[in-house]
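Comments concern the structure below.
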Amino acid sequence: MKKILLFALVSLQAFAQDADKKKVLARIQQQESHYSAIAQKIWNFAEVGYKEKQSSALLQETLKQAGFTIETGVAGIPTAFVATYGQGKPVIGIMAEYDALPGLSQDSIPTKRSLGGASGHACGHHLFGTGSSAAAIAVKEWLKETGGKGTIKLYGCPAEEGGSGKVYMVREGLFNDADVMLHWHPSDANSVSTGSSLANKTGKFRFYGLSSHAAASPERGRSALDAVEAMDFMANMMREHVPSSTRIHYVITNGGKAPNIVPDYAEVYYYVRSPQRDIVMDVWNRLEKAAEGAALGTGTRYELEVIGGVYEILPNEKLAALMSSNLANVGGYTLNPTELAFAKQIQQTPGMLQTDLASTSSVVPGRPDPSGGGSTDVGDVSWVVPTIGLGTATWVPGTTAHSWQAVAAGGTSIGKKGMMVAAKTIAGTAIDLFKNPALIEAAKAEWSKRKGAEFKYKALLGDRKPALNYRD
Ligand SMILES: [Zn+2]
Numbered sequence: 001m002k003k004i005l006l007f008a009l010v011s012l013q014a015f016a017q018d019a020d021k022k023k024v025l026a027r028i029q030q031q032e033s034h035y036s037a038i039a040q041k042i043w044n045f046a047e048v049g050y051k052e053k054q055s056s057a058l059l060q061e062t063l064k065q066a067g068f069t070i071e072t073g074v075a076g077i078p079t080a081f082v083a084t085y086g087q088g089k090p091v092i093g094i095m096a097e098y099d100a101l102p103g104l105s106q107d108s109i110p111t112k113r114s115l116g117g118a119s120g121h122a123c124g125h126h127l128f129g130t131g132s133s134a135a136a137i138a139v140k141e142w143l144k145e146t147g148g149k150g151t152i153k154l155y156g157c158p159a160e161e162g163g164s165g166k167v168y169m170v171r172e173g174l175f176n177d178a179d180v181m182l183h184w185h186p187s188d189a190n191s192v193s194t195g196s197s198l199a200n201k202t203g204k205f206r207f208y209g210l211s212s213h214a215a216a217s218p219e220r221g222r223s224a225l226d227a228v229e230a231m232d233f234m235a236n237m238m239r240e241h242v243p244s245s246t247r248i249h250y251v252i253t254n255g256g257k258a259p260n261i262v263p264d265y266a267e268v269y270y271y272v273r274s275p276q277r278d279i280v281m282d283v284w285n286r287l288e289k290a291a292e293g294a295a296l297g298t299g300t301r302y303e304l305e306v307i308g309g310v311y312e313i314l315p316n317e318k319l320a321a322l323m324s325s326n327l328a329n330v331g332g333y334t335l336n337p338t339e340l341a342f343a344k345q346i347q348q349t350p351g352m353l354q355t356d357l358a359s360t361s362s363v364v365p366g367r368p369d370p371s372g373g374g375s376t377d378v379g380d381v382s383w384v385v386p387t388i389g390l391g392t393a394t395w396v397p398g399t400t401a402h403s404w405q406a407v408a409a410g411g412t413s414i415g416k417k418g419m420m421v422a423a424k425t426i427a428g429t430a431i432d433l434f435k436n437p438a439l440i441e442a443a444k445a446e447w448s449k450r451k452g453a454e455f456k457y458k459a460l461l462g463d464r465k466p467a468l469n470y471r472d
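In case it helps, the UniProt record's numbering puts the sequence shown at residues 1 to 472.
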């Protein structure tokens, strides 16, 4: 057994280091300024979920010019697309994201200062989309040059942040012909994602009451805000009686207009998360009961719009080992003096962990949680196709996602250097898969076993149409 393992390890390293792959990786590196400029444009567009018109168009144009065939507006989503090159099997897919987050406009400087925009790339998806496209284009060139058989596909996936964009694409069957799916995510360290993520379900609870003068005739009014508060109170009580890994969060998106008017309308936006989707569904059903109770007790009524819902990621050790050997082959990068000065300054700001700044140059052995404690619609993809991803240090070590510090670093050369590590690792992994069908078969066998023979995909968000206006 030991011998077999050793042999497997040695051959994986051999794959990682072969000569024509070396050429491909060098070529990606030569394109750094080209891809940095594209990422910077998307950083500036900072378009939120399903509104990524310019970002999606720029990536589509880039892929089209590189010789890909583009199918756009897929799964009923104007900013979703699939770019394809090649023919037949195997089909290796790479995911790209490009949505920004609302309310996180930030300049690319090490102090907190808004650019005055409505949103910012606090999850680094400008790098995600661009780096994945760079990898796909490099693999395409390699296929063309070597006359290799197979198809490389780049999936343009909008609205990852709460919009569950990939779920509609999965529901539509767009990934069905893919043999393996590859992805990555901006992070503060270089590491392959060996574990799972949190499943979630999200929705907006809308309460309808009766307005009246809050002082002159309050008895004639029924407050929708009271209903929201009653529901939130029950949800907060419920936290004690759910499995401890459950996360419940909400924001009141509408709480009325003025204190002297009894609000006849109020809205609260909820997320429920857990490592297991069954628990998510159970807690979610109880949350709906809380909404019902709140409406009953306050003399209001409510409507629910389910916004999103994603599966937890199905891990794959075989693919993780392959990607790890490629990441080790690519390695990290060092911060130059300007970047180091930036990093040191940002490290002093509130919310940062004091992580070693030299860690951008190293590779951390597999991180169990690819989303850093969050959820991702990559989860749904991983249950229909064997999937693997990595994180790379696009942010100053010690940075959390969804922070102004993440937006700032993503707008500098630090973000771009991390993006290049990801592009090269993904390209290398894809080339290995094209060259060695046995790797694909092994990944598929593990995947089939993990998901179980009984498994049938069913979207957690039901049959709703894409929530194209969820950010309005
Ligand atoms: Zn993200």
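Yeah, the Cβ is synthetic: ideal placement off N, Cα and C, and Gly gets one too.
For residue i, which of helix, strand or coil comes out of DSSP?
i	result
T151	strand
L143	helix
P365	strand
V242	coil
R464	coil
residue 558	Outside the shown range of the chain, which is 1 to 472, sits residue 558, and nothing can be said about it.
residue 475	Summary: the structure shown does not reach residue 475, with the chain confined to residues 1 through 472, and so no result is reported for it.
P370	Only weak support is given to the placement of P370: the predicted model assigns it a pLDDT of 48, under 50, and the question is left unresolved by the model.
G93	strand
R450	helix
W404	helix
M352	coil
F342	helix
R471	coil
F81	strand
V251	strand
L127	helix
K2	Below a pLDDT of 50, predicted positions are generally treated as unreliable, and K2, at 49, falls in that range; the measurement from the model is reported next regardless. Correct three-state label for K2: helix.
I137	helix
I261	strand
I440	helix
P102	strand
L210	strand
R220	helix
S119	strand
G410	helix
Given a cut-off of 8 Å, decide if residue j and residue i are closer than it, judged by their beta-carbon atoms.
i	j	result
M352	G398	yes
F205	E267	yes
R273	L198	yes
P90	D20	no
G309	T202	yes
W43	H126	yes
F207	L154	no
residue 474	Y168	The question about residue 474 has no answer, for the chain in this structure spans 1 to 472.
A66	K140	yes
residue 474	Y85	Residue 474 is absent from the model: the chain starts at 1 and stops at 472.
W447	P350	no
S359	A122	no
T79	P158	yes
D99	A408	no
N190	V280	no
S164	T62	no
T130	Y265	no
S212	V170	no
G299	R220	no
I346	V396	yes
Taking the beta strand (DSSP E) that residue i falls in, what are its first and last residues?
i	result
I388	387–393
N285	Looking at the DSSP string, N285 is not in any beta strand (DSSP E); the run it does join, the alpha helix (DSSP H), is 277–298.
A266	265–274
Could you spell out where the alpha helix (DSSP H) holding residue i opens and where it closes?
i	result
K417	413–435
A379	Note that residue 379 is Gly in the sequence shown, not Ala. Run containing G379: 378–382, per the alpha helix (DSSP H) assignment.
A19	19–30
Is it the case that the CB of residue i approaches a heavy atom of ligand 3 more closely than 7 Å?
i	result
C157	Ligands present in the displayed structure are limited to ligand 1, and ligand 3 is not among them.
Segment contact flag, the region 386–398 with the region 417–435, C-beta cutoff 8 Å, min 3 pairs: Here the region 386–398 makes contact with the region 417–435; the two share three or more CB pairs at distances below 8 Å.
Inspect the CB distances between the region 83–94 and the region 38–51 and report whether three or more fall short of 8 Å. Segments in contact, no.
Taking only runs of the alpha helix (DSSP H) that begin and end inside the region 36–75, which ones reach a length of at least 4 residues, in chain order? 53–65, all fully within the region 36–75.
When you compare the region 65–81 with the region 26–33, are there three or more beta-carbon pairs, one atom per stretch, that lie closer than 8 Å? A contact is defined here as three or more CB-CB pairs under 8 Å, and the region 65–81 fails this definition with respect to the region 26–33.
Segments assigned alpha helix (DSSP H), at least 4 residues, entirely inside the region 303–333: Runs of the alpha helix (DSSP H) inside the region 303–333: 317–330.
Unbroken beta strand (DSSP E) runs of length 3 or more, entirely within the region 151–206: which are they? With a minimum length of 3 residues, the continuous beta strand (DSSP E) runs that stay inside the region 151–206 are 180–187, 190–193.
Three or more C-beta pairs closer than 8 Å, one from the region 300–318 and one from the region 248–258: is that the case here? Verdict: no, contact absent.
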